Amino acid sequence: MSKVLIVANLKSYKNLDEAKAWLEEFSKYKDEIQSLQNKEIIICPSFPYLFSFSSVISENIKIGAQDISPFDEGAYTGEVNAKQIKDFAQFVLVGHSERRTNFGETEDMLLKKVELSLKYGLEPIFLFQNKEDTIPNGVKIVGYEPVFAIGSGNPDTPHNADNIANLAKAKGDYQVLYGGSVKSENVKSFTSKDNLSGVIVGGGSLDPEEFIKIIQNA
Ligand code: PGA
Numbered sequence: 025m026s027k028v029l030i031v032a033n034l035k036s037y038k039n040l041d042e043a044k045a046w047l048e049e050f051s052k053y054k055d056e057i058q059s060l061q062n063k064e065i066i067i068c069p070s071f072p073y074l075f076s077f078s079s080v081i082s083e084n085i086k087i088g089a090q091d092i093s094p095f096d097e098g099a100y101t102g103e104v105n106a107k108q109i110k111d112f113a114q115f116v117l118v119g120h121s122e123r124r125t126n127f128g129e130t131e132d133m134l135l136k137k138v139e140l141s142l143k144y145g146l147e148p149i150f151l152f153q154n155k156e157d158t159i160p161n162g163v164k165i166v167g168y169e170p171v172f173a174i175g176s177g178n179p180d181t182p183h184n185a186d187n188i189a190n191l192a193k194a195k196g197d198y199q200v201l202y203g204g205s206v207k208s209e210n211v212k213s214f215t216s217k218d219n220l221s222g223v224i225v226g227g228g229s230l231d232p233e234e235f236i237k238i239i240q241n242a
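Residues 25 to 242 (the working numbering) are what the sequence shown spells out, left to right.
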């Protein structure tokens, strides 16, 4: 049986002190999490904290970046590229609806982001919002995140998420995650579905204690 993936997307939250406090609290549960052989945790902090978060890396706790430049290294002021991210993370989120909407990320850009992730050995977690969305070649992990469910406290039904995951799996050999208002009380209803391999947690990951409960209940 493959592991249940639980991704923490910390978004653009936490300054240095807050990030340290999160790490300190999370680290108290590191041994317990390591003993959960059937679960894999991927924590995605903001870029400045990728290095500090590497202190929690273990066999089933990994680090991911929340974004990646659509360009390779070069004269692209302000960008953080795949080659740089690879030193700190194993995974990268691509295609989040917040980036598509607020930063005008197009399918072309997402394609480049995926290509560069793969070129440098990063595993892209490709997020899609509708069942019609195209998934770039080479992607193995995808996340279904309907816009209405993100940050709203109104998750999609596990039944619908499972159906969408099933449709995605008919198109390729993907591990499919669900994201959108996942909390400790509802996580199991998603992870227990046949076609879902795990969850992506935004708001519910900001408080380390709630995130630990999510991991325990998943
Ligand atoms: P949410 O966000 O858990 O706060 O709904 C999920 C996401 O945006 O990845």
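C-beta: ideal position from N, C-alpha, C; glycine also. Remember, it's a predicted structure, so these values are computed and weren't measured experimentally.
Classification of residue i by the beta-carbon crowding that lies within 10 angstroms, buried from 16 upward
| i | result |
| --- | --- |
| ASN219 | buried |
| HIS183 | exposed |
| GLU209 | exposed |
| GLU267 | Look at the range of the chain in this structure, 25 to 242, and you will see that residue 267 is not part of it. |
| GLN61 | exposed |
| SER82 | exposed |
| THR215 | buried |
| ASP111 | exposed |
| GLU270 | Residue 270 lies beyond the stretch modelled for the chain, which goes from 25 to 242, so this question has no answer here. |
| SER36 | exposed |
| SER141 | buried |
| GLY196 | exposed |
| PHE127 | exposed |
| ALA185 | buried |
| GLY102 | exposed |
| GLU129 | buried |
Start-to-end residues for the beta strand (DSSP E) that takes in residue i
| i | result |
| --- | --- |
| GLU147 | 147-152 |
Pair within 8 Å by beta-carbon distance, residue i and residue j
| i | j | result |
| --- | --- | --- |
| PHE95 | ASN84 | no |
| ASN33 | SER229 | yes |
| GLY204 | GLU169 | yes |
| VAL223 | ALA192 | no |
| ILE87 | SER78 | yes |
| ILE188 | LYS155 | yes |
| LYS164 | GLN114 | no |
| ILE30 | ALA173 | no |
| TYR144 | LYS107 | yes |
| THR158 | GLU139 | no |
8 Å contact criterion, which residue i and residue j should meet: CB distance rounded
| i | j | result |
| --- | --- | --- |
| VAL254 | ILE149 | Not covered by the structure: residue 254. The range shown for the chain is 25 to 242. |
| VAL28 | SER221 | 7 Å |
| LYS54 | TRP46 | With a Cβ gap of about 13 Å, LYS54 and TRP46 do not count as contacting. |
| LYS217 | ILE238 | 16 Å between Cβ atoms; not a contact. |
| GLN153 | SER121 | 5 Å |
| ILE66 | LYS137 | Not a contact, Cβ separation roughly 17 Å. |
| LEU201 | PRO160 | Actually they are not in contact, since the Cβ atoms of LEU201 and PRO160 sit about 16 Å apart, beyond 8 Å. |
| GLY50 | PRO232 | In the sequence on display, residue 50 carries Phe and not Gly. That belief holds up - the Cβ atoms of PHE50 and PRO232 are roughly 5 Å apart, short of 8 Å. |
Opening and closing residue of the alpha helix (DSSP H) in which residue i lies
| i | result |
| --- | --- |
| PHE235 | 232-241 |
Any non-hydrogen atom of the ligand ZN within 7 Å of residue i CB
| i | result |
| --- | --- |
| ASP55 | This structure does not include the ligand ZN; its bound ligands are the ligand PGA. |
Whole alpha helix (DSSP H) runs in the stretch 168-225 with 4 or more residues, listed along the chain? 182-195 and 211-215
Please give the ranges of any beta strand (DSSP E) in the stretch 101-145, keeping only runs that are unbroken, at least 3 residues long and fully inside the region. 115-118
What beta strand (DSSP E) runs, 3 residues minimum, are completely inside the stretch 29-89? 63-68 and 85-89
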